[in-house]
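S.K.:
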Amino acid sequence: MFNLYHSNQLDILKELMAHFIAKDPLADPFVEEQVLVQSPGMAQWVKMELAKSMGISANITFPLPASFIWKMFQKVLPDIPDKSAFNKEAMSWKLMLILPELLVLPEFESLKHYLADDQDDYRLFQLCQKISDTFDQYLVYRPEWIAGWEGGDNMHADTHPWQPLLWRELVAKTETLGQSHYHRANLYDQFIARLNSSTFDAKLLPDRIFVFGVSALPPRYLDALQALAMHTEIHFMLSNPCRLYWGDLIDPKWLLKQRTMVNHHNVTLGMSDKVSANDEQTVRALFDEDDAFKVGNPLLASMGKLGRDNLALLTGFGCQELDVFVEPTDDGLLASIQRDILDLADRSMAEFDVSLQDANTRDSRYKLPINPADTSLELHSCHSPMREIEVLHNNLLTMFSENPDLNPRDVVIMMPDVNGYSPYIQAVFGAMDRYDERYIPFSISDSGAQYDNPILLSFLQLLALPLSRCNVSELLSLLEVPAVLARFAITPDEFNRLRQWIDESGIRWGLDEDDATRFDLPGMKQNTWLFGLHRMLLGYAYGGDDIYQGILPYQEVQGIEAELLG
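If you use this note's numbering, the sequence shown corresponds to residues 586 to 1151, in order.
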């Protein structure tokens, strides 16, 4: 049975799951509960929260969706290996063997041109990594393409004619090596057919499966879960910001683009930003008399596309659903945004209450008055990742000081690239002694081991410099690492002074004028590091403000501070 639970509060979904585990334990106490999560970080949070709710969190496993589905393949189907021969790492190395032999074919002309000057196979390695990642995405999101290619159909060969050929060669190479030909794309249909069989033994499957904190799943993963639901309980805990159905919500910016083309094309609009329309009248019906698109909440429409598609797929299963939504109780800006999303409200489509207006807001009828002291939502503009983490650390200290009930375990920091920020987190949060009152306990989830050490990451950045544009932000972030500052005996104040000089002297990117030619740009000395250094040195040595040999001196470098420039 497939059960779907909607809530705008992750804590409520967690309490629901804890209730099921505690009140309805599995028949065999030695069998592990299965909780599918999006990331190891989410798994760690759920473990701690379940321990708080139930007193202990034990005998619960937290697989990622991909590894769980593969394990189910092994339980349901025969002869499935422990690890697919078509994972990204395995495909990368096999592609490095296959691809050079195929470059003589006309379909591979574009790849041949790209690899023409590849003397050390570095480009080949990078290209094969990218292709393997693309093929891996095809296995998950485009299994019909893979099936067609293996059947001899060169679908989509008009745009990338080499892809079907390369995939077939990859399959042939895999079989030549004696490896299993099974992969995710060719197992789904067999898996679902076996589960639908009347002779299938349901004892092979877990008694219960939870899906928690997963914002979106590929359609084929959902198909597999739906098939499993015929034999086992599945509880899908969906974090849903809106209590109204928004699976058909459209991004107004996208629709406006379609509207400009309505007289020239037949556009389609639906779950995947496509809709059927044969004439202008159909598209215009989506706009009101003021020529504004009649959409719910524009923020949700713009930023929730992945969740929207996932919601539409889940609700299409016809499963049992339970809504457990909570009204935001605060009056701050963040709560107001959450409330608008919860109700699918669009303030630009309804006039603000005239009674609440005054002379200063008369022309902003739709805007929400905000208390200047409201800090529920803040934006900080920082010059580097290092500075971002420093500002974060300072703000957390302020919050802990002002709210004694707030603890470090109550705080989750989210970022788009954990690996990129990991060394700066270590440098700032790890700089405090554990007995220092400013020390904040922390842990970093979902980062690679090579990114946990700021010195190691700095070394890797140095190795990559010959291939980079030498942007100011890139080199300053390297210098800003505490170990590097200490090596050159540069204090934080001196670093800030250096950053000011670099900015005011006009340095932007490139070591010298030759750097631009590496990127197929005209060679220009202006705004390069050499250009800025000449300005600083001339300002220190010359002291005047007259142009000398085409260079305007930068006069801020004076006295003993000149040693810092050296």
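Even for Gly, the Cβ is constructed at its ideal location relative to N, Cα and C.
Here the structure is a predicted model, which is why all the values come from computation and not from measurement.
1) Are the region 1001 to 1012 and the region 599 to 610 touching, with three or more C-beta to C-beta distances below 8 Å?
2) Could you check where the beta strand (DSSP E) with glutamate 1022 kicks off and where it finishes?
3) What separation, rounded to the nearest whole angstrom, lies between the Cα atoms of glutamate 963 and proline 957?
4) Could you tell me the alpha carbon to alpha carbon distance between aspartate 667 and lysine 660, rounded to whole angstroms?
5) For glutamate 1089, which beta-bridge partners are listed by DSSP?
6) Output the distance between the C-alpha atoms of histidine 741 and leucine 724, rounded to the nearest integer angstrom.
7) Quick one: grab the DSSP three-state call for histidine 820.
8) Which residues does DSSP list as the beta-bridge partners of valine 616?
9) List in chain order: all unbroken alpha helix (DSSP H) runs of 4+ residues lying wholly within the region 637 to 701.
10) So, using beta-carbon positions, are arginine 1082 and leucine 1149 closer together than 8 Å?
11) In three-state terms, what does DSSP make of serine 969?
12) Considering only C-alpha positions, which residue in the set Ser765, Asp721, Gln764, Ile716 is nearest to tryptophan 747?
13) Please classify aspartate 558: does DSSP put it in a helix, a strand, or coil?
14) Near alanine 920, what residues of its chain come up, given a Cβ to Cβ distance below 8 Å and the 5 sequence neighbours on each side ignored?
15) Who are serine 592's beta bridge partners in DSSP?
16) In angstroms, rounded to a whole number, what distance separates the CA positions of glycine 892 and serine 800?
17) What do you reckon, are the CB atoms on threonine 817 and alanine 778 nearer than 8 Å?
18) For phenylalanine 795, report the span of its beta strand (DSSP E) as first-last.
19) Within 10 angstroms of its Cβ, does glycine 1144 collect 16 or more other Cβ (buried), or is it exposed?
20) What number of angstroms, rounded off, separates the C-alpha of leucine 977 from the C-alpha of arginine 1023?
21) Between which two residues does the alpha helix (DSSP H) containing glutamine 714 stretch?
22) If I measure Cβ to Cβ from tyrosine 1133 and keep anything under 7 Å in the same chain, skipping five residues before and after, which residues do I get?
23) Near phenylalanine 776, which residues of its chain fall below 8 Å by C-beta distance, leaving aside the five closest residues on each side in sequence?
24) At the level of alpha carbons, what is the spacing between glutamine 722 and lysine 890?
25) Check this for me: beta carbons of leucine 687 and leucine 762, under 8 Å apart or not?
26) Cα separation between methionine 633 and tyrosine 707?
27) Hey, quick one: how far does the alpha helix (DSSP H) through glutamate 760 stretch, first residue to last?
28) Closest to asparagine 825 by CA distance: which of Arg793, Gln619, Thr900, Thr719 is it?
29) Using the Cα positions of leucine 829 and aspartate 928, report the straight-line distance between them to the nearest angstrom.
30) Tell me which same chain residues have a C-beta within less than 7 Å of the C-beta of phenylalanine 902, skipping the five on either side of it?
31) Quick one: measure Cβ to Cβ for isoleucine 597 and valine 620, integer angstroms, because I've assumed they're closer than 8 Å.
32) Leaving out five residues on either side along the sequence, give the residues of the same chain with a beta carbon under 7 Å from the beta carbon of phenylalanine 615.
33) Please report how far the alpha carbon of serine 986 lies from the alpha carbon of lysine 952, in whole angstroms.
34) For valine 906, report the span of its beta strand (DSSP E) as first-last.
35) Is tryptophan 1086 buried or exposed, if buried means 16 or more other CB atoms sit within 10 Å of its CB?
36) Hey, how far is the Cα of histidine 968 from the Cα of asparagine 979?
M.R.: Taking the coordinates as given:
1) no
2) No beta strand (DSSP E) contains glutamate 1022, which DSSP labels as neither H nor E.
3) 11 Å
4) 11 Å
5) In the DSSP output, where bridge partners are listed per residue, glutamate 1089 has none listed.
6) 15 Å
7) strand
8) DSSP output for valine 616 lists no bridge partner at all.
9) 650 to 661, 673 to 687, 694 to 699
10) yes
11) coil
12) Ile716
13) Residue 558 falls outside the range modelled here, since the chain spans only 586 to 1151, and no answer is possible.
14) Pro913, Thr914, Ser961
15) Ser824
16) 6 Å
17) no
18) 793 to 797
19) exposed
20) 13 Å
21) 707 to 726
22) Leu1123, Tyr1127
23) Met657, Phe658, Val661, Leu662, Ala809, Ala812
24) 18 Å
25) no
26) 44 Å
27) 747 to 761
28) Thr900
29) 7 Å
30) Phe587, Gln811
31) Not really, about 16 Å apart at Cβ, beyond 8 Å.
32) none
33) 33 Å
34) The identity of residue 906 in the sequence shown is glutamate, whereas the question assumes valine. Counting along the chain, the beta strand (DSSP E) containing glutamate 906 begins and ends at 905 to 908.
35) buried
36) 16 Å
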